[in-house]
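**Q** The structure's right below; bear with me while I get my questions together.
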Amino acid sequence: MAGICCGVVGEAAETSSPIEPTSRPSARRSLDLLPLKYIAADVSVPPLENSRKRQRLDRRASPARECDNAVHSSKSKVVEVVPNYSSKSPTLDSTSPTVVEEYPRYGVTSVCGRRRDMEDAVSVHPSFCQETLSHDKKLGFHFFAVFDGHGCSHVATMCKERLHEIVKEEVHQAKENLEWESTMKKCFARMDEEVLRWSQNNETPSCRCELQTPHCDAVGSTAVVAVVTPEKIIVANCGDSRAVLCRNNVAVPLSDDHKPDRPDELLRIQVAGGRVIYWDGPRVLGVLAMSRAIGE
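So this is what it looks like as structure tokens:
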């Protein structure tokens with residue numbers, strides 16, 4: 001089982017502004033946080049050298065030496081503000097606006113479960129595609145996908161390595177005439193053709209499926225893909241992997257599971273000559289718990 005949690009943080013979010021613009025209230029708050037050092041006018045400040053011998057020599061040479069930052073006053077103490085700035089701290093101009101670009105935040109989790117090997121894969125490619133539209137505005141697209149393999153892991157691994165490249169090629173080819181529904185259908189069809197062509201050529205996989213006894217012929221993977229653009233989220237899925245949007249603490253489903261007992265999927269399976277057998281739940285021919293998958 002694998003999953004991705006993704007969020008987009010922009011300029012409107014409270015946590016997206018790491019540096020406050022320079023203003024009188026913010027400067028006053030920053031002064032309150034600075035460490036303070038109290039220096040009396042009649043107290044000599046020890047020199048900065050670490051060596052005691054060096055200190056004794058300096059005192060003999062200049063007994064009346066005073067601190068450069070000390071203030072001559074015998075009636076009150078002087079407060080010297082010591083800023084704790086590092087050399088890498090940015091310097092802001094009060095006239096320059098703070099620009100914060102939107103960026104994706106995401107987390108990934110994957111659990112092997114009771115399987116001997118991990119058969120799932122996760123694909124994350126922020127800003128995998130940059131498109132320039134007619135008004136010369138470059139848009140960044142972010143790719144997130146989860147592939148739940150069954151039988152073995154090589155189909156899910158192939159989808160992880162190739163599907164985002166296929167989507168990128170199709171988006172570049174469509175450009176301004178981009179129609180997401182047809183584009184994603186074409187991408188999934190191309191991915192399925194590549195997997196079938198690979199299996200027909202009898203290429204040796206890098207996984208351990210050839211060592212399984214009995215040999216498993218039902219090797220494939222589900223796929224759920226989310227392409228995040230500055231304006232929308234495009235979701236496409238094949239199988240029973242699911243995409244969910246969290247809005248105001250409410251889960252909003254963005255995809256429909258392809259299950260054998262779904263009326264339209266059941267009719268499609270029967271028209272194709274297949275059967276749905278209820279063996280620990282509805283399964284295609286008593287094996288697959290999903291009605292669609294890449295590679296089968």
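Using full-length UniProt numbering, the first residue of the sequence shown is number 1, and each one after it goes up by one.
Ideal Cβ placement from N, Cα and C applies to all residues, glycine included.
Which whole-angstrom value describes the C-beta separation of residue 122 and residue 158, a residue pair presumed to lie in contact below a C-beta threshold of 8 Å?
**A** No, residue 122 and residue 158 are not in contact; Cβ-Cβ is about 14 Å, not under 8 Å.
**Q** Among the candidates 153, 150, 191 and 154, whose CA atom is the shortest distance from the CA of residue 170?
**A** Ranking 153, 150, 191 and 154 by Cα distance to residue 170 puts 191 first.
**Q** Roughly how many angstroms lie between the CA atoms of residue 154 and residue 193, to the nearest whole one?
**A** Roughly 15 Å between the two C-alpha positions.
**Q** So, at 7 Å on beta carbons, what are the nonlocal neighbours of residue 257 in its own chain, with the 5 sequence-adjacent residues on each side left out?
**A** Counting only Cβ-Cβ distances below 7 Å, and skipping sequence neighbours, we find 240 and 242.
**Q** Can you look up residue 66 in the DSSP assignment and give me helix, strand or coil?
**A** With a pLDDT of only 45 at residue 66, under 50, the local geometry of the prediction cannot be trusted, and no value is derived from it.
**Q** Residue 173 to residue 280, Cα distance in whole Å?
**A** Rounded to the nearest angstrom, the two C-alpha atoms are 44 Å apart.
**Q** Determine the contact status of residue 276 and residue 264, defining contact as a CB-CB distance below 9 Å.
**A** No; because the gap between Cβ atoms is not below 9 Å, this pair is not in contact.
**Q** Please name the residue or residues paired with residue 110 in a DSSP beta bridge.
**A** Answer is 2.
**Q** Considering only residues of the stretch 113-195, which uninterrupted alpha helix (DSSP H) runs meet the minimum length of 4 residues and lie entirely inside it, listed in chain order?
**A** Fully enclosed alpha helix (DSSP H) runs of 4 or longer: 154-174.
**Q** Assign residue 282 to one of three DSSP states: helix, strand, or coil.
**A** Correct three-state label for residue 282: strand.
**Q** Would you kindly report the start and end of the unbroken beta strand (DSSP E) that includes residue 294?
**A** First-last for residue 294: undefined, no H or E at that position.
**Q** Would you report the Cα separation of residue 253 and residue 235, rounded to the nearest angstrom?
**A** Spanning the two alpha carbons is a distance of roughly 10 Å.
**Q** Measure the Cβ-Cβ separation of residue 117 and residue 147 and say whether it is below 9 Å.
**A** No, Cβ-Cβ distance for residue 117 and residue 147 is not below 9 Å.
**Q** Please tell me whether residue 292 and residue 222 are closer than 9 Å, where the distance is taken between their beta carbons.
**A** Contact flag set, yes.
**Q** So which of 296, 251, 294 and 1 has the shortest CA-CA distance to residue 114?
**A** Residue 114 has its Cα closest to that of 1, out of 296, 251, 294 and 1.
**Q** Do you know how far the Cα of residue 141 is from the Cα of residue 175?
**A** The straight-line gap from Cα to Cα measures roughly 13 Å.
**Q** Nearest by alpha-carbon distance to residue 167: which of 237, 152, 183 and 177 is it?
**A** The residue with the shortest Cα to Cα distance from residue 167 is 183.
**Q** Whose CA, out of 177, 200, 143 and 220, lies closest to the CA of residue 289?
**A** Nearest C-alpha to residue 289: 220.
**Q** Contact criterion: CB-CB distance below 9 Å. Does residue 248 meet it with respect to chain C?
**A** Any reference to chain C falls outside this structure, which holds one protein chain only.
**Q** Which residue's Cα is closest to the Cα of residue 259: 227, 237 and 111?
**A** The residue with the shortest Cα to Cα distance from residue 259 is 237.
**Q** Between the Cα of residue 198 and those of 227, 162, 185 and 125, spot the shortest distance and give me the residue it belongs to.
**A** Nearest of 227, 162, 185 and 125 to residue 198, Cα basis: 162.
**Q** My output table needs one value for residue 230: the three-state DSSP class, helix, strand or coil.
**A** Correct three-state label for residue 230: coil.
**Q** Looking at the strands, I want to know which residues DSSP matches up with residue 247.
**A** Per DSSP, 250.
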